[in-house]
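So the structure is just underneath, and the comments pick up after that.
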DNA sequence: TTTAACTGATACTATATTGGTATCAATTAA
DNA sequence: TTAATTGATACCAATATAGTATCAGTTAAA
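Chains as they are written, first to last, in our numbering: chain A, 85 to 243; chain B, 85 to 243.
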């Protein structure tokens, strides 16, 4: 058996998965510090793995930290402004359908490439779909309140 | 620097990329046999790699082969019926946003999970987009004829 | 002022996936 | 008979993904 395929093509890796969960926990605990250990334990995320993700999120100004005893992490950015697209880009890189498809052989001869256009269109669709999903929305869904975001009406908010 | 991300999140791997190119070549040469070597050379695809992909496509009834000298591969299935979704499923597995996200910790307590629904919605969007793109459509785009498929009218293809 | 609970930073390991190569047997046209 | 070709499969290398370990520095609190 030639294993050229896997079971599923994962769109979200564990990185993003864990990051979303951690952010939901932090969004919920808004205003107080949660330690990496507490988050890891409660949400079943490998501790050291989580810490790397948290550091990365600090670098991207999504959260802040406090060192020392009773320290931990606190959400910084408005949960309604944190999209899954952003998290994917941070942890998995920019969504791209194919790095070179249709560029080399096929489109080499043609100046304007309709295929390239087709592919980019799908890229945008994927990205837009994930942009509709924010941490704020997920949190409300999770808590079953289903109320609209306080100050933002459109899900596609700017940076 | 902690490399927890790559440059880009590839949606199409080389497998699928090469398979599409090979199928385009075979669709173009419809009715005659093309050798793996010829396809590999002309489209800059690693020979042995390509052969594995061709074997896989035979198993999925997309193409047929003829052994021996002057043998090769010929397209079997109607190019308009071969979607990129199918190729992704053959070579990369079924598109799935996340295998476990929101299922374990988060949704453990709640019977009906709105998040799960959200994720599945995106999965469908992605898949539908790729289903719009067939080998037949790509071939016509490639040749610049832009005429509709003989038996199938594609409403979304006119952009 | 010592200690335990923390984060910051980074090195390390294991496994899976992806991309690619090599080999040998069987088939067939010339 | 031979060269071109597929069928089948084993193998290898690079990269990505997932997870672990360690040590230094900071801080609240005993």
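All residues carry an ideal CB built from backbone N, CA and C; glycine is no exception.
This one's a predicted model, so the numbers in the text were calculated from it and none came from an experiment.
Asked, Found
"Which stretch, first to last residue, makes up the beta strand (DSSP E) that contains residue 150 of chain A?", "147-150"
"Check this for me: beta carbons of residue 160 of chain A and residue 172 of chain A, under 8 Å apart or not?", "no"
"Does DSSP classify residue 220 of chain B as helix, strand or coil?", "helix"
"If you check the beta carbons only, do residue 135 of chain A and residue 120 of chain A fall under 8 Å apart?", "yes"
"Which residue marks the beginning of the alpha helix (DSSP H) containing residue 166 of chain B, and which one marks its end?", "Careful: residue 166 of chain B lies outside any alpha helix (DSSP H) and carries neither H nor E."
"Taking the straight line between their C-alpha atoms, what separation do you get for residue 122 of chain A and residue 140 of chain A?", "18 Å"
"Is the segment 154-170 of chain A touching the segment 109-116 of chain A, taking contact as three or more C-beta pairs under 8 Å?", "yes"
"If you draw a straight line from the alpha carbon of residue 216 of chain B to that of residue 95 of chain B, how long is it in whole angstroms?", "16 Å"
"Which residues in chain A sit within 7 Å of residue 206 of chain B, going by Cβ to Cβ distance?", "213 and 214"
"Name the two residues that bound the continuous beta strand (DSSP E) containing residue 129 of chain A.", "Where residue 129 of chain A is concerned, there is no enclosing beta strand (DSSP E), given that its DSSP letter is neither H nor E."
"Between residue 219 of chain B and residue 142 of chain B, is the Cβ-Cβ spacing less than 8 Å?", "no"
"In the DSSP output, which residue or residues are listed as bridge partners for residue 118 of chain B?", "B/157"
"Return the residue from the list B/164, B/208 and B/133 that minimises the CA-CA distance to residue 99 of chain B.", "B/133"
"Report all residues from its chain with a CB closer than 8 Å to the CB of residue 97 of chain A; omit the five preceding and five following residues, and keep chain order.", "175 and 176"
"Looking at the ligand PLP, does it come within less than 7 Å of residue 142 of chain A, judged from the CB to the closest heavy atom?", "The ligand content of the structure shown is nil, which means the ligand PLP is not present either."
"For residue 101 of chain A, count neighbouring Cβ atoms within 10 angstroms of its own Cβ and tell me buried if that reaches 16, exposed if not.", "buried"
"Between which two residues does the alpha helix (DSSP H) carrying residue 100 of chain B extend?", "98-112"
"Does the distance from the C-beta atom of residue 118 of chain B to that of residue 109 of chain B stay below 8 Å?", "yes"
"What residue from B/129, B/207 and B/138 has the CA that sits closest to residue 169 of chain B's CA?", "B/207"
"Which same chain residues, not among the five before or five after residue 103 of chain A, have their C-beta less than 7 Å away from its C-beta?", "137, 141, 171 and 175"
"Would residue 163 of chain A pass as a contact of residue 223 of chain A if the rule is Cβ separation under 8 Å?", "yes"
"Beta-carbon within less than 8 Å of residue 126 of chain B's beta-carbon, same chain only, minus the 5 sequence neighbours each way: which residues are those?", "109"
"For residue 213 of chain B, is the classification buried or exposed, using 16 other Cβ atoms within 10 angstroms of its Cβ as the cut-off for buried?", "buried"
"Going by Cα to Cα distance, which pick from B/130, B/204, B/153 and B/107 is closest to residue 145 of chain B?", "B/107"
"Using the Cα positions of residue 129 of chain A and residue 152 of chain A, report the straight-line distance between them to the nearest angstrom.", "22 Å"
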